[in-house]
Structures are given as structure tokens and as C-alpha cells.
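Using the working numbering, read the sequence shown as starting at 2 and increasing by one per residue.
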Amino acid sequence: MNKLTPDTGLEDEIQELYILAGQWMKDVCFMEDEIRFFNNILCKYNNAELTPDMMIKKEEFEQEVSKQAKKIDSLKSDIPAFLVFLKPFVGNEKEAMNLHFIEKYSELASGLTEAMNALKATKNKLFTYAERIMASGKIIPVLKDN
């Protein structure tokens, strides 16, 4: 009877994946900070002083930021669920891997990448919007204590 030696390379990869998933939570916290920052920028301008096209753009940003916040909230709950899913593959209590494992990882990783890219695009557009408002010379941001 032949004994199969454990695949230590695979075990190392699974442990690294577990650590990576923990890092994803830090990424989500960063994205939440970005959303707060975006909302602060949007709140700093008095609506009465915005032109109609600037108001429309502000409303579009508010909707976009709200949509991104919902996606981030979803990721925030999906990552701990993935860590729970991953736990049986780490340590002594090995569980057989299947395609579902790869699907869960890929879905989560692509969701994080998409969320980060969307935040980056929103930040660029929002900065352009804020610069345009300030360049008009009429509007000065209202400083609020948050």
C-alpha cells in the first residue's frame, strides 16, 4: 500500500489565499474611506449656488457613489463568508476541492477589482467636477465639521 505525500505546495497556496482574503478586508475598509471622502466632497457645495448642469452632475455622482457603496457593503459581507468557506481547506481537516472553490475565488477577486477600478474612475471624474466648480469663481466650498 502506497501512502500519498501531502501536497505542501498546495497547502501553502491555500494559506496564502487565506491571508490574501484577510487583506481584501483592508481593501474594503479603504474603499469605504473613499466613499466617505466622495460624500464629503459632494456635501461641501451649496446646492443653491450650483448651476443647473452642475446640480444634475452632482445628483449623478450621488447615485454613482450610492451604487458603489452598496457594492462595497456586499463585498464586506462576502469576504468573511469566503474565509469561512476557505477554512476547511486550511490545516488538518482537508476537504476535497472542486470547481466551486475556483468560482468563489474568481467572483470575489473580480468583484474587488471592479469596485477598485470604479472608485478610481469616480475619483477622477469627481475631482474634475470639483475643479470646474471652483474654477467658476462663484462657489467656495462650505467647510463642515464631520
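Think of the CB as a built atom: it goes at the ideal place given N, C-alpha and C, for glycine as much as any other residue. Computed from a prediction, not measured in an experiment: that's the story for all the values here.
query: Cα separation between Lys124 and Met117?; result: 11 angstroms
query: Compare the C-alpha of Ser111 against each of Gly10, Asp13, Trp25 and Ile36 and name the closest.; result: Trp25
query: Does Ala22 come within less than 8 angstroms of chain B when only Cβ atoms are used?; result: Annotation note: the requested chain B is absent from the structure, which comprises a single protein chain.
query: For a test of the three-state rule: what should DSSP assign to Lys45, helix, strand or coil?; result: coil
query: Taking the alpha helix (DSSP H) that Met55 falls in, what are its first and last residues?; result: Pro53 to Leu87
query: Between the stretch 31 to 46 and the stretch 63 to 79, are three or more C-beta pairs nearer than 8 angstroms?; result: yes
query: Go through its chain and collect everything with a Cβ distance to Ile36's Cβ below 7 angstroms, but skip five positions before and after it.; result: Val66, Gln69, Ala70 and Ile73
query: If you draw a straight line from the C-alpha of Glu12 to the C-alpha of Leu127, how long is it?; result: 44 angstroms
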